[in-house]
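2 protein chains.
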Amino acid sequence: MGRPSKKEERTEEILNAFYRCVARYGMEGSTLERIAEESGLKRSLVRHFVGNREALETLLVDRVLEQSFQQWSTFIDAIPTKNGSEYLLEGLFSDQYSDAEYILVIESLIFCAGRDEALRLRMQEWMQRFTDDLTLVLRQEYSRADNDSLEAASFGLISLYFNLDSLAPLGMNQRYRQPARIAARYLIDSLSAEK
Amino acid sequence: MGRPSKKEERTEEILNAFYRCVARYGMEGSTLERIAEESGLKRSLVRHFVGNREALETLLVDRVLEQSFQQWSTFIDAIPTKNGSEYLLEGLFSDQYSDAEYILVIESLIFCAGRDEALRLRMQEWMQRFTDDLTLVLRQEYSRADNDSLEAASFGLISLYFNLDSLAPLGMNQRYRQPARIAARYLIDSLSAEK
DNA sequence: CTATTTATTGTCATGATTGACAATAAATAG
DNA sequence: CTATTTATTGTCAATCATGACAATAAATAG
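Chains as they are written, first to last, in the working numbering: chain V, 8 to 202; chain X, 8 to 202.
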């Protein structure tokens, strides 16, 4: 009985607002006031539904990493054994799936990790998994390439993917999407050119 | 007459401290108190020698961009007409010249540029010049490659260069230096493989 | 309607950040 | 030593960010 709880939906709204704030102002610049304003709620409500700042940050980090792992798994699992690199290119560098905010948030988390031991371990694991999965996909298609080459190509793809959207604050991410895609193809093609 | 001024050296110390703080805490996280502590001075002295926060930021941005242009020009001008790509690889990906703080500061400036019209224009110019110069160097060596390929390779090199040191907070920049270098070579070699 | 639960608003205290400036100490020229 | 200039220290007020909580309004069950 009693008034029905909006905790779940409100929490969702608040975390989405926090997410957008981090993409725009960074973690340090995302004050509770800004988050409240971005979510269209009073600051007291932010506290009421989620808690203090620490709880808010914990929840955001958990959520971002969980969603990231989730979507990445879905993406990776959908990659066919044959011609997987085409899927990679499409998934990483098409307008369609591009999400600049996402990269800016991840970038912020990596930055914060420099001063947060626990977060650092999680982001290291995150990055490791990212590269390992990519390497695995590439290995399926280019089984003759050695490990160093595969790792180099994986890191190259990730770098292109990250760097492209980290230029979003300059409004230059669209301008360099095509170059990024071409460069990515160069990296992949290099694997088949191996001796 | 009067007591000799320490304005120049103190300003230098303060801006260096600010620089380190930005690399560690970001622009928003670099409070005057932290900058003062990092420089070993009282906050009042920071104000005395440089001014308020706005003046401090203006001076830092000017200094970072000026030094960046300066060092980049020196680097680019030293590149020989023949075999320039070897110099590029060495300059961008050797331990010796690596400077993670520099990239983290630039990254912070790009991020800030999202909320600062004037800064955005300057960083756009900065990024444009970076890629243009790289493209020019590559064109000297791979004159048969078309513009799109050159631009893609340039953007790829920059992405690898940036992304590598942006992993510094995770302590993973050393681990991926070699992959980055290998990937960079792949990109460059792709230009000679052009039809 | 009543009791209960939760949303919503508002407020107050505390601490952090910044700006401004007074007061003192130190160095130098003459 | 004196006058002058600057470094250095210290302090106070204004603003912002946060935490805590009281008070009210709204919704629901019975």
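Ideal Cβ positions, reconstructed from N, Cα and C, are used throughout, including at glycine.
| Query | Result |
| --- | --- |
| Any non-hydrogen atom of the ligand MG within 7 Å of X:Asn59 CB | With respect to the ligand MG, the structure shown offers nothing to examine, as it has no ligands at all. |
| Given 8 Å, three or more beta-carbon pairs between the stretch 9-26 of chain X and the stretch 40-54 of chain X | yes |
| Assigned exposure category for X:Asn170 - 16 Cβ within 10 Å defines buried | buried |
| CB contact check: V:Pro176 to chain X, cutoff 8 Å | yes |
| Sequence-distant residues of the same chain with beta carbon closer than 6 Å to V:Val29, five excluded per side | Ser37, Val112, Ser115 |
| Alpha-carbon to alpha-carbon, X:Phe56 and X:Ala62 | 10 Å |
| X:Asp106 versus V:Lys13 - alpha carbon distance | 49 Å |
| Contact with chain X by V:Leu35, beta-carbon distance below 8 Å | The sequence given here places Glu at residue 35 of chain V; Leu does not occur at that position. Yes, its Cβ sits closer than 8 Å to a Cβ of chain X. |
| Assigned exposure category for X:Met134 - 16 Cβ within 10 Å defines buried | buried |
| Rounded separation between V:Gly58 and V:Arg70 - CA only | 16 Å |
| Own chain, CB closer than 8 Å to V:Tyr193, minus 5 neighbours either side, in chain order | none |
| Contact check, V:Leu164 vs V:Leu141, beta carbons under 8 Å | yes |
| Local Cβ density within 10 Å of X:Ser80, reported as buried at 16 or more and exposed below that | exposed |
| First through last residue of the alpha helix (DSSP H) which encompasses X:Arg50 | 50-56 |
| Simplified DSSP state of V:Lys202, which is helix, strand or coil | Low confidence applies to V:Lys202: its pLDDT is 47, below 50, so where it sits in the model is not reliable, and the reading given next is rough at best. V:Lys202 falls in the coil class under three-state DSSP. |
| 9 Å Cβ cut-off: residues of chain X touching V:Leu167 | Phe162, Gly163, Ser166, Leu167, Asn170 |
| Residue-chain proximity (X:Ala159, chain V), Cβ-Cβ < 8 Å | yes |
| For V:Met8, three-class secondary structure by DSSP | coil |
| Rounded straight-line distance, which links the Cα of X:Tyr104 to that of V:Lys202 | Residue placement at V:Lys202 is poorly supported in this model, since its pLDDT is 47, which falls under 50; the coordinates still yield a value, given next. Roughly 31 Å between the two C-alpha positions. |
| Buried or exposed by the 16-neighbour rule on C-beta atoms within 10 Å, applied to X:Leu157 | buried |
| 8 Å Cβ cutoff, X:Leu141 in contact with chain V | no |
| Residues of its chain near V:Met34, where Cβ-Cβ distance is below 7 Å and the 5 sequence neighbours each way are ignored | Ser115, Cys119 |
| Interface residues of chain V facing X:Ala120 [CB-CB closer than 7 Å] | Pro176, Leu177 |
| Three-state secondary structure assigned by DSSP to V:Pro87 | coil |
| Residue span of the alpha helix (DSSP H) that contains V:Gln135, given as start and end | 124-148 |
| DSSP three-state assignment for V:Thr209, whether helix, strand or coil | Past the boundaries of the shown model lies residue 209 of chain V; chain V is included only from 8 to 202, so the question cannot be answered. |
| V:Ser199 and V:Tyr149 closer than 8 Å at C-beta | yes |
| Beta carbon proximity, X:Ala220 to chain V, threshold 8 Å | A question about residue 220 of chain X goes unanswered here, because the residues of chain X that appear run from 8 up to 202. |
| Where the alpha helix (DSSP H) through X:Gly163 begins and ends | 154-173 |
| Proximity winner among X:Asp155, X:Tyr94, X:Ile189, X:Ile117, relative to V:Leu177 (alpha-carbon distances) | X:Ile117 |
| C-alpha distance - V:Tyr26 paired with V:Leu67, whole-angstrom precision | 7 Å |
| Closest residue to V:Met179 among X:Arg10, X:Gln131, X:Arg31 (Cα-Cα distance) | X:Gln131 |
| Proximity of V:Ser101 and V:Ile195 at Cβ, strictly below 8 Å | no |
| Assigned secondary structure, X:Gln77 (DSSP; H/G/I helix, E/B strand, else coil) | helix |
| Neighbourhood of X:Arg129 by C-beta, 7 Å cutoff - its chain only, sequence neighbours within 5 removed | Leu72 |
| Collapsed DSSP secondary structure at V:Gly33 in the structure displayed | helix |
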